[in-house]
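Residue numbers (my numbering): 5 to 237. Here is the structure we will look at, set down as structure tokens.
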Ligand SMILES: [Zn+2]
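Here's what the structure looks like:
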């Protein structure tokens, strides 16, 4: 009997701590922003970087098209290539938080959860002098501690409305078509500039970079302007 009660208790704790926050944010879109307030704008966002090879190439492609984007960075990866983060900042992109490491947050205890959001925020400020105020947890999944901690740290959670499976090696024209098919005012598009996260296919960001000029032209030709997410959440 005691065993069953304990199992029930553990189950309830898991539901409240891990399950409900994921439902709130991912399914009901509460406590998380998914689109920009201005229907004439869209945002390009890149998760999982910086990567020493792909991110500089991506920054070149964005500079060529004169587009500013939002980078949700992983701190431990950024520390290995600080010049790239500096370049993002110098070129007018925004640097926001994806985590200290690329962990699945829902099962982390509160202290480790804090390290992934507030700890990452502090590290970015300390190392790069950048005050980040937007957080996107890996796979968009958080727990109850995240929601409580974010409030305290003045962080807003940002998810997305357009995701196109770019973590798999995908033909650039397919990536462009998928984005254009789903395009809408206020869209937040998530792409990836690294292939080292769990589930990512090696070399996938090459296709993302190759898709950039066409993707940007197609979005502009439909009358949308590019914006940084923090300005229009
Ligand atoms: Zn990620």
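Ideal Cβ positions, reconstructed from N, Cα and C, are used throughout, including at glycine.
CB-CB length for residue i against residue j, believed under 8 Å
i: residue 291; j: residue 183; result: Outside the displayed span of the chain (5 to 237) sits residue 291, for which this structure offers no information.
i: residue 148; j: residue 21; result: 5 Å
i: residue 40; j: residue 236; result: 4 Å
i: residue 50; j: residue 75; result: 5 Å
i: residue 78; j: residue 106; result: 5 Å
i: residue 191; j: residue 71; result: Residue 191 to residue 71, Cβ: 14 Å. No contact.
i: residue 109; j: residue 146; result: 5 Å
i: residue 67; j: residue 48; result: Actually they are not in contact, since the Cβ atoms of residue 67 and residue 48 sit about 13 Å apart, beyond 8 Å.
6 Å CB neighbourhood of residue i in its chain, flanking five on each side removed
i: residue 179; result: 168, 170, 215
i: residue 128; result: 134, 136
i: residue 174; result: 211
Closer than 7 Å: residue i CB and nearest ligand 1 heavy atom
i: residue 142; result: yes
i: residue 197; result: no
i: residue 52; result: yes
i: residue 106; result: yes
i: residue 201; result: yes
i: residue 102; result: yes
Under 8 Å between C-beta atoms of residue i and residue j
i: residue 30; j: residue 54; result: no
i: residue 142; j: residue 102; result: yes
i: residue 233; j: residue 162; result: yes
i: residue 85; j: residue 56; result: yes
i: residue 32; j: residue 90; result: no
i: residue 83; j: residue 121; result: no
Residue closest to residue i, alpha-carbon to alpha-carbon, out of the options
i: residue 118; options: 35, 104, 49; result: 104
i: residue 125; options: 156, 110, 113, 143; result: 156
i: residue 62; options: 207, 223, 197; result: 197
i: residue 217; options: 32, 152, 176; result: 176
i: residue 228; options: 194, 203, 188; result: 188
i: residue 88; options: 112, 58, 111, 113; result: 58
i: residue 95; options: 113, 84, 116, 69; result: 69
i: residue 65; options: 43, 42, 92, 122; result: 92
i: residue 17; options: 211, 122, 219, 111; result: 111
i: residue 151; options: 34, 12, 42; result: 34
i: residue 230; options: 116, 153, 42; result: 42
i: residue 186; options: 223, 8, 154; result: 223
i: residue 164; options: 181, 140, 12, 123; result: 140
i: residue 154; options: 123, 12, 172; result: 123
i: residue 144; options: 12, 225, 116, 26; result: 26
Cut-off 8 Å between Cβ atoms - residues of its own chain near residue i, not counting five sequence neighbours on either side
i: residue 24; result: 148
i: residue 202; result: 106
i: residue 44; result: 189, 227, 228, 229
Chain-order list of residues whose beta-carbon lies under 7 Å from that of residue i (same chain, five-residue window excluded)
i: residue 199; result: 205, 206, 207, 208, 209
i: residue 225; result: none
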